[in-house]
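Notes follow once the structure below has been shown.
In the UniProt record's numbering, the protein residues as written are 1 to 214.
Written out as structure tokens, the structure reads:
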């Protein structure tokens, strides 16, 4: 069972989403309405997925995302917000969110998105993924500081898997293409994340673009 925490400043929306998720078979461990409460409750319950609004009672979703991941580093954050503004999307992803949905998404889309997020897949409302990748491409062209530490090198297989992750393929699709088991692909992805000291597949995609692997 996938464990979830819902963070939103509107009680009716928070309760409605929590109810929909519970009815779909998720375990809602906690809810919160602000940065402080989100961090405290995430530290206590360590949810697999955190559904995060961008407008909170004492700050914004980007700050809350950073705090939640600091105290619960194995959680994955999926933003669910009324805003599709460029700055909100990029701030959330830079803070460590794995994906970003707008609140116009259907209940079925939300349920599928939570499952995908729990599996480590980046999820975006159509159009927002292109925005994020465009920003990563822009950042990739920026000059690299002379004192920036070098990333460790990857094995040939890790590089192959990384290239497919950057193209948006799921672990199951990668496993089929490479004639590997699903678990073996996930192990390669997790090993690459640890080796590169990256938080999620969105950051892996950025790294791949920076290295010209897409």
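Glycine included, C-beta positions come from ideal geometry on N, C-alpha and C.
Because the structure is a prediction, the values reported are computed rather than measured.
Can residue i and residue j be called in contact, C-beta distance under 8 Å?
i           : j           : result
residue 102 : residue 48  : no
residue 95  : residue 65  : yes
residue 50  : residue 68  : yes
residue 205 : residue 161 : no
residue 54  : residue 83  : yes
residue 123 : residue 113 : yes
residue 121 : residue 201 : yes
Just confirm the distance between the C-beta atoms of residue i and residue j, as a whole number of angstroms; I'd bet it's less than 8 Å.
i           : j           : result
residue 186 : residue 166 : In fact, because the Cβ distance is near 16 Å, the residues do not count as touching under 8 Å.
residue 71  : residue 43  : 4 Å
residue 59  : residue 52  : Residue 59 to residue 52, Cβ: 12 Å. No contact.
residue 188 : residue 157 : 6 Å
Please classify residue i as buried or exposed, where buried requires at least 16 neighbouring CB atoms within 10 angstroms.
i           : result
residue 11  : exposed
residue 14  : buried
residue 91  : buried
residue 99  : buried
residue 194 : exposed
residue 176 : exposed
residue 203 : buried
residue 216 : In the structure as shown, the chain begins at 1 and stops at 214. Residue 216 is therefore absent and cannot be evaluated.
residue 126 : exposed
residue 144 : Here the model assigns residue 144 a pLDDT of 46, short of 50, so the residue's position is not dependable and the matter cannot be decided.
residue 87  : exposed
CB-CB under 6 Å to residue i, same chain, minus the five flanking residues each way: which ones, in chain order?
i           : result
residue 97  : 65, 77, 79
residue 21  : 4, 28
residue 45  : 29, 30
residue 149 : In this prediction, residue 149 scores a pLDDT of 49, lower than 50, which makes its location untrustworthy; the coordinate-derived value is nonetheless stated afterwards. For residue 149, where only same-chain residues beyond five positions count, there are no Cβ hits under 6 Å.
residue 63  : 35
residue 1   : 27
Between residue i and the rest of its own chain, which residues show a CB-CB distance below 7 Å, the 5 nearest in sequence each way excluded?
i           : result
residue 147 : Confidence at residue 147 is low in this model, with a pLDDT of 46, below 50, so the placement of that residue is unreliable and no value is reported for it.
residue 215 : Only positions 1 to 214 of the chain appear in this structure, which leaves residue 215 out of reach.
Beta-carbon within less than 8 Å of residue i's beta-carbon, same chain only, minus the 5 sequence neighbours each way: which residues are those?
i           : result
residue 173 : 164
Is there contact here, the stretch 22–30 with the stretch 68–85, by at least three beta-carbon pairs under 8 Å? no
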